[in-house]
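Below is one structure, written out as structure tokens; comments come after it.
In the working numbering, the protein residues as written are 2 to 354.
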């Protein structure tokens, strides 16, 4: 922790809906740095230039390899650390919607979750990770997703597996996370996998501690509410620590969390969310927090409509980054944000009319 707030502040760029042009990203990165970002959480989804057998995953508007390299080079020049995000379990709609990969669905009718029993599923996510890793240099972290694994345990193979003694949906979830994280550890020993924490929250300490997962990954605790349960979050941090996780991350939101078709960013909501995460940080053990990701969702999932786009939310991002960097928000910080953005009167209470 800095005197102000979390030392690492990653801005999440969700590229799975209306992805900005590479030229726009190159222009916006210096501003992110000036506002207080220390890194980027890059969620490519179908905009990554997958090749070979994975080429079907690549959208027509996907970035070219040269464009990705240029953005990464610009990030490096700005001193921004990059953490790529590749979904490897839930939210795999952009993969499992394709006929080439539909047989790897957990439930035939839904393209959300990957079947964790098939060796081919493991090979698929490993190939995806390898291609993304190949375009990045000197990574310290790699986010492997694993949130909202809907329908887990409802596939035919899972139902049979769950009939065996001592098998549970929790163990099924953990075994897949462990398998993917182990692949990362084996091929990229200097890279630490990060996972979204929602599938882990309700698990007992005994189940988590005995799974081997805490030694392999760092959980990213996410909550985008304006009234989050600070005490509950502190207890969750302590629980994860007891289970053997060396570090945890937090995830807030600067946009894309107040309505599936929201068009105007509610800055006041997002500022409150960040101020409460600062409270959680100040009440948690000092050495447990690795950093925070400020998420900015473009859409709730691959098939959803768009919510606020990045340019509309830059003022919200500025307010939230400055609050995190300074450990709070004041009139002086507001004036600094206005100066950085070239705005004369920044309102944080937006009323929808």
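No residue lacks a Cβ here, since even glycine has one placed at the ideal position from N, Cα and C.
Exercise. Is it right to say residue 353 is buried, meaning 16 or more other beta carbons lie within 10 angstroms of its own, or is it exposed?
Worked result: Indexing the chain shown from 1 puts residue 353 at position 352. Reliability of the predicted coordinates at residue 353 is poor, the pLDDT of 48 falling under 50, and the value obtained from them is presented with this limitation in mind. By the neighbour-count rule (16 or more Cβ atoms within 10 Å), residue 353 is not buried but exposed.
Exercise. Cβ-heavy atom distance between residue 88 and the ligand ZN below 6 Å?
Worked result: Absence of the ligand ZN from the depicted structure is noted, as is the absence of any ligand whatsoever, leaving it without description.
For this session: Along the alpha helix (DSSP H) that carries residue 334, what are the first and last residues, could you check?
Result: Position 333 of the chain shown, counted from the first residue, corresponds to residue 334. Start and end: 332–342.
For this session: Assign residue 285 to buried or exposed, taking buried as 16 or more other Cβ atoms, counted over all protein chains shown, within 10 Å of its Cβ.
Result: Mapped onto the chain shown, residue 285 falls at position 284. So residue 285 counts as buried.
Exercise. If you draw a straight line from the C-alpha of residue 22 to the C-alpha of residue 130, how long is it?
Worked result: What you label residue 22 is simply residue 21 of the chain shown in a count that begins at 1. What you label residue 130 is simply residue 129 of the chain shown in a count that begins at 1. Cα-Cα distance, rounded: 23 Å.
Problem set entry | Strand pairing of residue 1, partner residues [DSSP] | No answer is possible for residue 1: the residues shown for the chain start at 2 and end at 354.
For this session: Pick out whichever of 75, 318 and 219 has its Cα sitting closest to the Cα of residue 270.
Result: Counted from its first residue, the chain shown places residue 270 at position 269. Of the listed residues, the one whose Cα sits closest to residue 270 is 318.
For this session: Could you spell out where the beta strand (DSSP E) holding residue 43 opens and where it closes?
Result: The residue you call residue 43 lines up with position 42 of the chain shown. 40–44 is the extent of the beta strand (DSSP E) around residue 43.
Problem set entry | Residue environment, residue 44, which counts as buried when at least 16 other CB atoms sit within 10 Å | For the purposes of this step, residue 44 is identified with residue 43 of the chain shown, where counting begins at 1. So residue 44 counts as buried.
For this session: Assuming residue 223 contacts residue 146 (C-beta within less than 8 Å), just tell me the rounded distance between them.
Result: Numbered from 1 along the chain shown, position 222 holds the residue referred to as residue 223. Numbered from 1 along the chain shown, position 145 holds the residue referred to as residue 146. Contact check for residue 223 and residue 146: beta-carbon distance about 12 Å, past the 8 Å limit, so the pair fails to qualify.
Exercise. Could you give the distance in angstroms between the alpha-carbon of residue 9 and the alpha-carbon of residue 164?
Worked result: As a first step, residue 9 is located in the chain shown; it is residue number 8 there, counting from the start. As a first step, residue 164 is located in the chain shown; it is residue number 163 there, counting from the start. Cα to Cα, the separation comes out at about 44 Å.
For this session: Just grab the DSSP bridge partners of residue 194 for me.
Result: In the chain shown, counting from the first residue as 1, residue 194 sits at position 193. Paired residues: 143.
For this session: Could you have a look at residue 324 and say whether DSSP puts it in helix, strand or coil?
Result: Numbered from 1 along the chain shown, position 323 holds the residue referred to as residue 324. Residue 324: helix per DSSP, three-state reduction.
For this session: Measure the C-alpha to C-alpha separation of residue 106 and residue 135 and round it to an integer number of angstroms.
Result: Your numbering for residue 106 matches position 105 in the chain shown. Your numbering for residue 135 matches position 134 in the chain shown. Taking the straight line joining both Cα atoms gives about 26 Å.
For this session: Write down every uninterrupted run of the beta strand (DSSP E) in the segment 50–104 whose length is 3 residues or greater and which is fully enclosed by it, in chain order.
Result: Within the segment 50–104, the complete beta strand (DSSP E) segments at least 3 residues long are 82–86, listed from N- to C-terminus.
For this session: Would you list the residues sitting across from residue 13 in a DSSP beta bridge?
Result: Stepping through the chain shown from its first residue, residue 13 is reached at position 12. According to DSSP, which records beta bridges pairwise, residue 13 is partnered with 42.
Exercise. What are the partner residues of residue 108, as DSSP defines its beta bridges?
Worked result: The residue given as residue 108 occupies position 107 in the chain shown. Assignment of beta-bridge partners to residue 108 by DSSP yields 111.
Problem set entry | Beta bridge counterpart(s) of residue 300 as assigned by DSSP | Locating residue 300 in the chain shown gives position 299, where the first residue counts as 1. 307, per the DSSP bridge assignment.
For this session: Find out if the Cβ-Cβ distance for the pair residue 153, residue 170 is shorter than 7 Å.
Result: Here residue 153 refers to the residue found at position 152 when the chain shown is read from its first residue. Here residue 170 refers to the residue found at position 169 when the chain shown is read from its first residue. Less than 7 Å separates the beta-carbon of residue 153 from that of residue 170.
For this session: Report the three-state DSSP secondary structure of residue 265 (helix, strand or coil).
Result: By one-based count along the chain shown, residue 265 stands at place 264. The three-state secondary structure of residue 265, taken from DSSP, is coil.
Exercise. Is it buried or exposed for residue 94, if we count other Cβ within 10 angstroms and need 16 for buried?
Worked result: In the chain shown, the residue the question calls residue 94 occupies position 93. Counting other Cβ atoms within 10 Å of its Cβ, residue 94 reaches 16 or more and is therefore classed as buried.
Exercise. For residue 344, which option in 331, 327 and 320 has the closest C-alpha, if you only look at C-alpha atoms?
Worked result: Locating residue 344 in the chain shown gives position 343, where the first residue counts as 1. Measuring from the Cα of residue 344, the nearest candidate turns out to be 320.
Problem set entry | Bounding residues of the alpha helix (DSSP H) (the contiguous stretch that carries residue 134) | As a first step, residue 134 is located in the chain shown; it is residue number 133 there, counting from the start. Residues 120–136.
Exercise. In this structure, does DSSP put residue 187 in helix, strand or coil?
Worked result: Translated into positions along the chain shown, residue 187 becomes position 186. In the structure shown, residue 187 sits in a helix (DSSP, three-state: H, G or I).
Exercise. Tell me which same chain residues have a C-beta within less than 7 Å of the C-beta of residue 240, skipping the five on either side of it?
Worked result: Start at 1 with the first residue of the chain shown, and residue 240 comes out as number 239. Cβ within range, chain order: 206.
Exercise. At a cut of 8 Å, does the segment 246–255 reach the segment 293–306 through at least three beta carbon pairs?
Worked result: Between the segment 246–255 and the segment 293–306, the count of Cβ pairs shorter than 8 Å is three or higher; the stretches touch.
Exercise. Per DSSP, what kind of secondary structure is residue 243 in: helix, strand or coil?
Worked result: The residue labelled residue 243 in the question sits at position 242 within the chain shown. Helix at residue 243.
Exercise. Beta-carbon separation of residue 48 and residue 16 under 7 Å?
Worked result: The residue given as residue 48 occupies position 47 in the chain shown. The residue given as residue 16 occupies position 15 in the chain shown. Less than 7 Å divides the Cβ of residue 48 from the Cβ of residue 16.
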